[in-house]
Amino acid sequence: MEDTSFVANRKSLASVLNVGCNGVVVAHRPLVVGHRGSLFEEVENTLPSFQAAIDAGCDAFELDVWLLKCGTLVVFHGGGSDDAPGWLEDYCGVRASILDFTYQEAKALRFNPQCKELSVSISCGTKIHSATIPTLNQVLELAKQTGVSVKIELKGPNTEEPTLELVERMNMVRQVSFSSFAHDRVAKIRMLRHHRTESGQYMYKTACLFSDSLPTNFVDISKSVGACEVHLKYDTCTKERIDAIHKAGMDSMAWFCGPEHMRKETASKYSDVGNEDAEMYGILLQTGVRSLCVNRPNVLLSLLNTKH
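Be aware that the sequence shown starts at 219, since it is given in this note's numbering, and climbs by one per residue.
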C-alpha cells in the first residue's frame, strides 16, 4: 500500500509564496538559467550539459567552481551539504573530497551511474560513462564563443581570487557573475573589485545565495557585502521578498535544488505542483522574480514562449 502519511501535511506553493493560482501573467520575461547546465539531458556540470543549455535557448547557465590542490579551477558539485560540499562517494564511488585531488587525478574520475542526483543516468545511462570533470577555463571558453552568461557559484574555499583573475584574463567580466552561500566570499570579490559604471551600477556582478533558513534581514546582509543580486530558494521567493529586493536596487533569482531533492520535496510538501512542471514555474513567475535557475529549462522556455 502506498504511504500517504505526508499527503495531509502538503501545502499549496501558491499560498506559501502569496500569489494567485489562476493563470500566469508575465509582465517581464525572466532570464532562464540552466542549473548546472541542462542536467536531464547531459551529466551535470560537464561541457555537454552546458552546450545543451545553450542549445535549448537559456540566457545563462550556473556552475560550481573548486580550486584543486594543484591550482586548477574545476567545475563540479558533488555530495555533502552547503557547509561541507564536494564529497565524491555518491557521485564517483570514492571516499574522498574533490579537494584531495589534482586535476590530472580528477579528470580520470568516472561518475557513478547509481547516483540518484545524476538524473541523466536514469534516462540515458551511456552518457555517464564518458563524462569528465571540466576545468573552469574550458567552460568559460564555451560560453565566450556563444555569448551566454555564466553564474559562477564559488563553491570551494579560496576560489575568489583565481576565479576573478581567470574571468579578467578571458575578458568576460560583463558575461559573468560571482555568487556564494559563504557571503564572505562575495564580500571579498567586492573588496577586490568595487568599480562602478557611469550609471552607478557595479561592473563586477555578485550575488548572495540563501537557503531554507532565510534571515529576516537578508536584504541588509546582501547590501552589506556589495551584492548586486539576491538568490533565494524557490519556495522562499514570496512576492513581498522579491519586491523588497528590487526596492533595494538589486536583482533577484529563484534557485531550485538538485533533482533528487526536488523530487522528494515536491512530493512531500506541495499539493498544487509537480516536480518542476509548468504549474510550478508559473507560480514562481507571479512573484516577479527576474531569473529562475532551473533543472528543466526546456519546460520553462516552453511556458514562456506560450505566454509571450
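Don't be surprised by glycine CBs; every beta carbon is placed ideally from N, CA and C.
Ranking S398, R392, V391, V443 by CA distance to the CA of M409 puts V443 first. Close CB contacts of D308 within its chain, under the 6 Å cut and outside five residues either way in sequence, are with G297, C333 (chain order).
For T484, same chain residues with a beta-carbon under 6 Å away, outside a window of 5 residues either side, are N493 in chain order.
Closest by C-alpha distance to N376, out of R313, I346, K369, A405, is A405. Among the bridge pairs identified by DSSP, E280 is matched with H253, K369. Along the stretch 259–331, the alpha helix (DSSP H) occurs as fully enclosed runs of 4 or more residues at 265–274, 307–310, 321–324, listed in sequence order.
Non-local C-beta neighbours of A349 in its own chain, meaning closer than 7 Å and more than five positions away in sequence, comprise V261, T264, F329, ordered along the chain.
With contact defined as three or more Cβ pairs closer than 8 Å, the stretch 476–490 and the stretch 436–451 are not in contact. Annotation: A274 to N513 spans about 12 Å, alpha carbon to alpha carbon.
Straight across, the Cα-Cα distance linking E371 with K345 is about 25 Å. Collapsing the DSSP output to three states places H246 in coil. Around the beta carbon of Q322, a 10 Å sphere encloses fewer than 16 other beta carbons of the protein chains shown; the residue is thus reported as exposed. Following the DSSP letters along the chain, one finds A472 inside the beta strand (DSSP E) bounded by residues 469–473. Rounded to the nearest angstrom, the Cβ distance from K457 to V234 is 11 Å, too far for a contact under 8 Å. Of the other Cβ atoms in all chains shown, fewer than 16 fall within 10 Å of the Cβ of A466; this residue is therefore exposed. Pairing Y420 with E335, the inter-Cα distance amounts to about 35 Å. The Cβ atoms of C276 and V293 do not sit closer than 8 Å to each other. According to the DSSP secondary-structure assignment, F396 is paired through a beta bridge with I370, T424.
Going by C-alpha positions, I501 is about 43 Å away from K287.
Listed in chain order, the beta strand (DSSP E) elements of length 3 or more contained wholly in the stretch 442–468 are 447–451.
For V512, the enclosing beta strand (DSSP E) stretches over residues 509–512.
When the beta-carbon positions are compared, G255 and F279 come within less than 8 Å of each other. Under the three-state reduction of DSSP, T415 is assigned to coil, being neither helix nor strand. Under the three-state reduction of DSSP output, T344 falls in the helix class.
Note on Q363: under 16 other CB atoms within 10 angstroms of its CB, so exposed under the neighbour-count rule. Here DSSP, grouped into helix, strand and coil, assigns T377 to coil.
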